[in-house]
Structures are given as structure tokens and as C-alpha cells.
């Protein structure tokens, strides 16, 4: 296997690195789970778009740059290494975007994708319901056809960043007589539509990162459906594959965290070495991040030859979520009592960012399909083990 970059790829890396060096502010943006921070991140996304660096792997006609997935991995490596802000429109750009590329009509692609790339429209997910969390096939929210509209009724919960989003994509039961995976449709909903009520849910860090959304006779055009009526489960599983398999959590994110962890250990080595397991775990974390990066390049190579992301996405999801948790738990062990300091504490320093990451990492084994469910998928579909 030739792991060397081509001259074109090296030029692209240098271009991205130089632009980020000139444009990433030394002053961090406010949290995107606040109104102020959300708008700051939206403006940052717009600057990326203006320089053709928002969605580099999308076609130019749809707001992208026409890069291949290798160049996308290069971009992600440079992006996280620069300390640039986390991407606030990931739900739209990295999950719905590829779904539209695969299942959307040409009119839908032209309507939604350029605005998504520019973050003129910000997107939230509408999967989970009060009685349908990990078991997404238990969805009961309805989309009943009325002429050229659907009438939506029901409730979604744990909808990430829905407080400030403009649109939601999600699953609704369009055949009221159906059950489980059948009779579902994938529908796009403007969140300013009459009958939509959004209530914030506070995350572990106290910020309003999530929301529950209520639909009371909400009328949405049938043209907002992605894929055929009743095909929603198939479309949603493709979206979940993008989420778990590659796009949502690129290796650059974890390589950057691993490098920070190594630096943290080196800065606190005298105290950290009192527990010899810490050094071993730091080494394992760095190796894990590098292994995940190599696995991503392998996946991209397969995709370039016409393969598709399949059930192995479940193994990816377990790897990156548990790696993230391990790295942040190790940082907390290194920091000791300082790891409990909030950002406003006078002596918090970098400890506060590790605490923020630690709290967020707790959710990794839950979102994008719980790791317990992913292990069931691996056992049954990849290993051929019986269900009981």
C-alpha cells in the first residue's frame, strides 16, 4: 500500500494550513450552545464557504470544491490541528447533505445543499422520541397525507441544537396502520412552521444543547419528503451509516485530542508517573487515534473503488466513541482536582476545556445509536451469531 500523498494533495494541504493560520482567531468563539456562540459559529461557517472550504468534497455547483475523500481527510487533519472552531452545522452538512446527494431529487439538491454549505440554513435531527430512543423503529410521530401536504403530529426529543436551528430532518410514520420499520417517511420540516413548539433541554454542562419538539397539525409540503413515501427507514439507515462510519467524526478530531493528551502528560509527568498506568493509557490513546486514521484511509480507498459503507460502520462508531471517552478520562486523571475547574475559575487554564470534552464524551457511546445496539449489529450481521 502506498501511503504517500500526491503533489496535488500536498499543495492542497499547504493551502488549507496557510488559510487557517491566517484566519483562525486566537480568541475562542463562545459556545455554540448559546445564542451568541451559535451566531458566531454561523459566521465562521460562512467565511469557510466564501473561501470554498466549507464542504470541500461536495460538487462545486452545490457549494463545494469538488475534492475527493482523501483531500477531505487532509482538510480535517489540518482543520483540527489549527484549533479552529467545532463545526456547528454538522447535522446538515455531514448527515443530511450526503443523504440528499444519494436520495434527493435534483430540485431538492439545488434548493437545500448550497444554502446548507453556506450555513444559511442550520439543521437539527428529529429521530428520538420519548418511547423510541435506541429503538428508532418504534417511532409514532405521524405524517398523514392531505393533498400535497403532510400533517405532522407527535413529539421528538434529544434534538441537538434545535433551539437555534432553522430546519429539522426526521422520520415520521406516514402509514398509520404500519408498524416497526415499515410505513415511515423521511421529511424536512422548517422549524418556524405554525404548530411547531421547541423546548430546551439542558446538557450535563448546563447548556441548552438539546431540545424536545412538539408537532401539532404542522403542515409540510410533500415536496419536502426525501425518497419515496414509506422508504424512510432505508433513507434514515443511510444517514446513520454516514454518521457512524466516517463523516461525523473524522480521525483528525481524535488525532488532535491525542496530541493534546500527550502534551498534558508531559507537562504533568512528575505527578502523572505516580500512577504507571497513566503513561500506558496515554500511549494507547495516541496509537488508537493513529489506527483510527489509517482505518479511515482504508475505508476511503474502498469507497473510491465503488464499495459502500455497510455494517462495519458499527465498529467505527464503537472505536471513536470509546477512544474519545478514554482520552478525556485519562486527562481527568492527570489533572486531578484541577480537572473540576470551570472556565470562569481564575486558575482554570486548559483544564476547563478538558472538563468540557470529558462531559461531552460521556454521550459518545449513546448518540448515533448506542454502543450496545452497535454490538448487536456486529454480532448478528457481521459475525452471523444468533439473536439469542
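Residue numbers (UniProt numbering): 1 to 388.
Cβ coordinates follow ideal geometry from the N, Cα and C atoms, glycine included.
Run through the DSSP bridge pairs and tell me what residue i is partnered with.
i           : result
residue 171 : 186
residue 200 : 211
residue 142 : 153, 173
residue 231 : 184
residue 225 : 187
residue 132 : 129
residue 64  : 55
Please classify residue i as buried or exposed, where buried requires at least 16 neighbouring CB atoms within 10 angstroms.
i           : result
residue 64  : buried
residue 283 : exposed
residue 131 : exposed
residue 382 : exposed
residue 202 : exposed
residue 194 : exposed
residue 330 : buried
residue 161 : buried
residue 156 : buried
residue 6   : exposed
residue 55  : buried
residue 128 : buried
residue 110 : exposed
residue 192 : exposed
residue 258 : buried
residue 361 : buried
residue 385 : exposed
residue 328 : buried
residue 301 : exposed
residue 51  : exposed
Following the continuous alpha helix (DSSP H) through residue i, name the residue where it begins and the one where it ends.
i           : result
residue 192 : Element bounds for residue 192: n/a, residue is neither H nor E.
residue 320 : 313-335
residue 367 : Neither: residue 367 is in no alpha helix (DSSP H) and is coded neither H nor E.
residue 44  : 35-50
residue 278 : 276-304
residue 266 : 251-267
residue 16  : 7-23
residue 357 : 351-361
residue 27  : No alpha helix (DSSP H) contains residue 27, which DSSP labels as neither H nor E.
residue 81  : 69-81
residue 97  : 97-103
residue 114 : 106-117
Quick check on this structure: which residue in the options has the alpha carbon closest to the alpha carbon of residue i?
i           : options            : result
residue 256 : 233, 292, 272      : 292
residue 189 : 377, 96, 327       : 96
residue 208 : 7, 174, 232, 163   : 163
residue 262 : 88, 280, 275, 145  : 280
residue 116 : 46, 346, 10, 252   : 46
residue 375 : 44, 323, 313       : 313
residue 139 : 233, 277, 16       : 233
residue 338 : 80, 271, 167       : 271
residue 32  : 5, 4, 85, 10       : 85
residue 251 : 231, 268, 290, 238 : 290
residue 198 : 178, 180, 158      : 158
residue 22  : 9, 191, 82         : 82
residue 227 : 106, 357, 119      : 106
residue 353 : 341, 346, 113, 364 : 341
residue 77  : 34, 16, 39         : 16
residue 151 : 214, 120, 165, 51  : 214
residue 181 : 135, 144, 211, 196 : 135
Let's see if you can read the secondary structure: which residues bound the beta strand (DSSP E) around residue i?
i           : result
residue 123 : 123-126
residue 213 : 210-221
residue 149 : 149-156
So, under 8 Å CB-CB, residue i and residue j are touching, yes? Tell me the CB distance rounded to an integer number of Å.
i           : j           : result
residue 103 : residue 235 : 5 Å
residue 225 : residue 186 : 7 Å
residue 153 : residue 216 : 6 Å
residue 297 : residue 73  : 7 Å
residue 124 : residue 89  : At roughly 10 Å, the Cβ-Cβ gap does not stay under 8 Å, so residue 124 and residue 89 are not in contact.
residue 367 : residue 253 : 15 Å between Cβ atoms; not a contact.
Any beta carbon of chain B sitting closer than 8 Å to that of residue i?
i           : result
residue 146 : Of the chains in the structure shown, none is chain B; there is only one protein chain.
Nearer than 7 Å: is that true of the beta carbon of residue i relative to any heavy atom of the ligand FMN?
i           : result
residue 130 : With respect to the ligand FMN, the structure shown offers nothing to examine, as it has no ligands at all.
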